[in-house]
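Residue numbers (the numbering used here): 1 to 329.
Okay, structure first, notes after.
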Amino acid sequence: MKVIGRSPAKVILFGEHFVVNGNTAISMAIDLPTQVIVEDLSNKSIHISSDNLGVTATFSRDGKTTQVLGPNAESILRPVFETASFTMRKFCSAGRGMKIRIASSVPVGMGLGSSAATAVATVAATAALQGKHLAKDDIFDAAYTLEKLVHGRPSGIDQATITHGGLIMYSNGKVDDKLNVPEPPRFIIGNTGKGRSTGELVAKVTKLRQESGATYASIASEAQEIAEKASRALRIGDQRAVGGLMNQNQRLLEMVGVSSPELEALILAARGAGALGAKLTGGGGGGCMIALVDQQASTRVARHIEEAGGQVIEGKFSADGVQSFIQEE
Ligand code: MEV
Numbered sequence: 001m002k003v004i005g006r007s008p009a010k011v012i013l014f015g016e017h018f019v020v021n022g023n024t025a026i027s028m029a030i031d032l033p034t035q036v037i038v039e040d041l042s043n044k045s046i047h048i049s050s051d052n053l054g055v056t057a058t059f060s061r062d063g064k065t066t067q068v069l070g071p072n073a074e075s076i077l078r079p080v081f082e083t084a085s086f087t088m089r090k091f092c093s094a095g096r097g098m099k100i101r102i103a104s105s106v107p108v109g110m111g112l113g114s115s116a117a118t119a120v121a122t123v124a125a126t127a128a129l130q131g132k133h134l135a136k137d138d139i140f141d142a143a144y145t146l147e148k149l150v151h152g153r154p155s156g157i158d159q160a161t162i163t164h165g166g167l168i169m170y171s172n173g174k175v176d177d178k179l180n181v182p183e184p185p186r187f188i189i190g191n192t193g194k195g196r197s198t199g200e201l202v203a204k205v206t207k208l209r210q211e212s213g214a215t216y217a218s219i220a221s222e223a224q225e226i227a228e229k230a231s232r233a234l235r236i237g238d239q240r241a242v243g244g245l246m247n248q249n250q251r252l253l254e255m256v257g258v259s260s261p262e263l264e265a266l267i268l269a270a271r272g273a274g275a276l277g278a279k280l281t282g283g284g285g286g287g288c289m290i291a292l293v294d295q296q297a298s299t300r301v302a303r304h305i306e307e308a309g310g311q312v313i314e315g316k317f318s319a320d321g322v323q324s325f326i327q328e329e
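Written as structure tokens, this is what we have:
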């Protein structure tokens with residue numbers, strides 16, 4: 001028997017970084033799937049491979065690698081091993097061997113939640129293989145607990161969006177609300193192709209908050225107001241207002257130092273081509289930006305983002321969060 005865990009990716013529409021320190025953020029699941037395919041292995045090891053990254057590693061149950069293939073295979077795949085082991089210890093009887101194959105369409109390290117998508121799908125698939133169909137809250141808790149071990153102070157918004165799907169408002173480690181909207185907002189995603197570390201960018205904002213508390217507090221309070229206004233605008237489908245608020249949010253992200261010239265080139269190109277609003281999404285520093293578009297402007301905005309050096313990714317709304325399916329052979 002094989003089990004497939006399938007998760008969406010995510011874009012943050014409002015409030016990234018500020019959400020780490022208690023603000024509200026709004027994020028949306030997008031239909032860029034990550035599939036984690038798991039099956040039993042007769043020996044007790046855990047064999048993991050990633051199709052996209054071309055890496056393979058076999059781990060013994062106590063975490064030693066017995067076989068490693070491909071550049072940085074161990075550091076790339078160890079978090080997956082930790083996720084599967086944790087899930088088995090917490091929810092199932094540990095001790096079985098397992099083969100895990102990852103096939104993802106999410107670019108790695110670009111702010112679209114690639115590591116959360118793999119972790120969430122791994123938790124769901126590992127438990128389902130052992131006969132446990134976990135509740136969404138348990139999947140989120142497991143993926144968030146693991147992320148805290150790796151990254152120090154994540155907000156958990158990536159794991160929550162990818163687990164639950166849809167459009168969510170999130171703060172302080174929980175989903176405050178699922179936003180029902182007349183029509184999902186339509187985004188063009190522009191990838192700068194410049195990799196960066198979310199952990200380092202979060203540390204940069206933390207340093208600013210520690211060194212200039214009053215300045216940070218006033219920027220964060222403006223970000224909170226923007227997120228609250230945006231939730232109202234999204235609920236009534238006022239796309240123009242949503243776009244204007246995205247532009248204001250981008251300015252605050254520039255003030256805390258997480259934008260970059262590459263991101264700003266794509267953001268300006270999108271706005272110039274008729275996007276209703278544009279901002280970076282996720283950790284910033286590189287990675288991706290999003291542009292809110294109506295149907296007429298969509299093709300033109302995509303073309304201008306490409307001409308400014310970005311790679312365009314379609315960011316269709318995904319109402320579904322993580323799912324797992326049994327594939328009988
Ligand atoms: C990363 O997708 C979003 C950040 O706010 C970090 C976090 O919330 O953990 C930058």
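Note that CB positions come from ideal geometry on N, CA and C, so glycine has one too.
Source: prediction; values computed, not measured.
Among Met246, Pro107, Gly95, nearest to Arg196 - alpha-carbon criterion: The count along the sequence shown starts at 1 and reaches residue 196 at position 196. Comparing Cα positions, the closest option is Pro107.
Check whether Ala117 and Thr34 have beta carbons under 8 angstroms apart: If you number the sequence shown from 1, residue 117 lands on position 117. If you number the sequence shown from 1, residue 34 lands on position 34. Their beta carbons are under 8 angstroms apart, which means Ala117 touches Thr34 by this criterion.
Extent of the continuous beta strand (DSSP E) to which Val11 belongs: Within the sequence shown, numbered from 1, the residue matching residue 11 stands at position 11. Unbroken beta strand (DSSP E) run through Val11: 2-14.
Inter-residue spacing [alpha-carbon to alpha-carbon] between Arg271 and Val301: Mapped onto the sequence shown, residue 271 falls at position 271. Mapped onto the sequence shown, residue 301 falls at position 301. Rounded to whole angstroms, Arg271 to Val301 spans 8 angstroms at the Cα level.
Proximity winner among Arg153, Met1, Ala269, Ala119, relative to Ala142 (alpha-carbon distances): As a working note, residue 142 is residue 142 in the sequence shown. Among Arg153, Met1, Ala269, Ala119, the Cα nearest to that of Ala142 belongs to Ala119.
Three-state class that DSSP yields for Glu183 in the structure shown: Taking the sequence shown and counting its residues from 1, one reaches residue 183 at position 183. Looking at Glu183 - three-state DSSP - the assignment turns out to be coil, as it is neither helix nor strand.
Any non-hydrogen atom of ligand 1 closer than 7 angstroms to Thr34 Cβ: Reading the sequence shown from its first residue, position 34 is the one you call residue 34. No, since every heavy atom of ligand 1 falls outside the 7 angstroms radius drawn around the Cβ of Thr34.
Expected contact under 8 angstroms - CB spacing of Asn23 and Ser171 to nearest Å: For the purposes of this step, residue 23 is taken as the residue at position 23 of the sequence shown. For the purposes of this step, residue 171 is taken as the residue at position 171 of the sequence shown. With a Cβ gap of about 7 angstroms, Asn23 and Ser171 count as contacting.
Status (buried if at least 16 other CB within 10 Å, exposed otherwise) for Ile71: As a first step, residue 71 must be located in the sequence shown, where it is residue number 71. The sequence shown places Pro at residue 71, not Ile. Burial call: exposed.
Limits of the alpha helix (DSSP H) - the one that Leu292 falls within: The residue you call residue 292 lines up with position 292 of the sequence shown. That residue, Leu292, is in no alpha helix (DSSP H); its beta strand (DSSP E) goes 288-292.
Option in Ser75, Arg61, Ser115 with minimal Cα separation from Arg96: By one-based count along the sequence shown, residue 96 stands at place 96. That would be Arg61, whose Cα lies nearest to the Cα of Arg96.
N-terminal and C-terminal residue of the alpha helix (DSSP H) that Glu39 is part of: Your numbering for residue 39 matches position 39 in the sequence shown. Careful: Glu39 lies outside any alpha helix (DSSP H), inside the beta strand (DSSP E) at 25-41.
Best match in Gln67, Val55, Arg251 for proximity to Ser45 [C-alpha to C-alpha]: Counted from its first residue, the sequence shown places residue 45 at position 45. If we check each option's Cα against that of Ser45, Gln67 comes out closest.
Per DSSP, the bridge partner or partners of Met110: Here residue 110 refers to the residue found at position 110 when the sequence shown is read from its first residue. DSSP output for Met110 lists no bridge partner at all.
Under 8 angstroms between C-beta atoms of Glu39 and Thr281: Residue numbering aside, residue 39 sits at position 39 when the sequence shown is read from its first letter. Residue numbering aside, residue 281 sits at position 281 when the sequence shown is read from its first letter. Going by C-beta atoms, Glu39 is not nearer than 8 angstroms to Thr281.
Proximal residues to Gln295 (C-beta, below 8 angstroms), its chain only, five neighbours per side dropped: As a working mapping, residue 295 is identified with position 295 in the sequence shown. Closer than 8 angstroms at Cβ, skipping near neighbours: Arg186.
As assigned by DSSP and simplified to three states, the class of Glu314: Taking the first residue of the sequence shown as position 1, residue 314 is located at position 314. Glu314 falls in the strand class under three-state DSSP.
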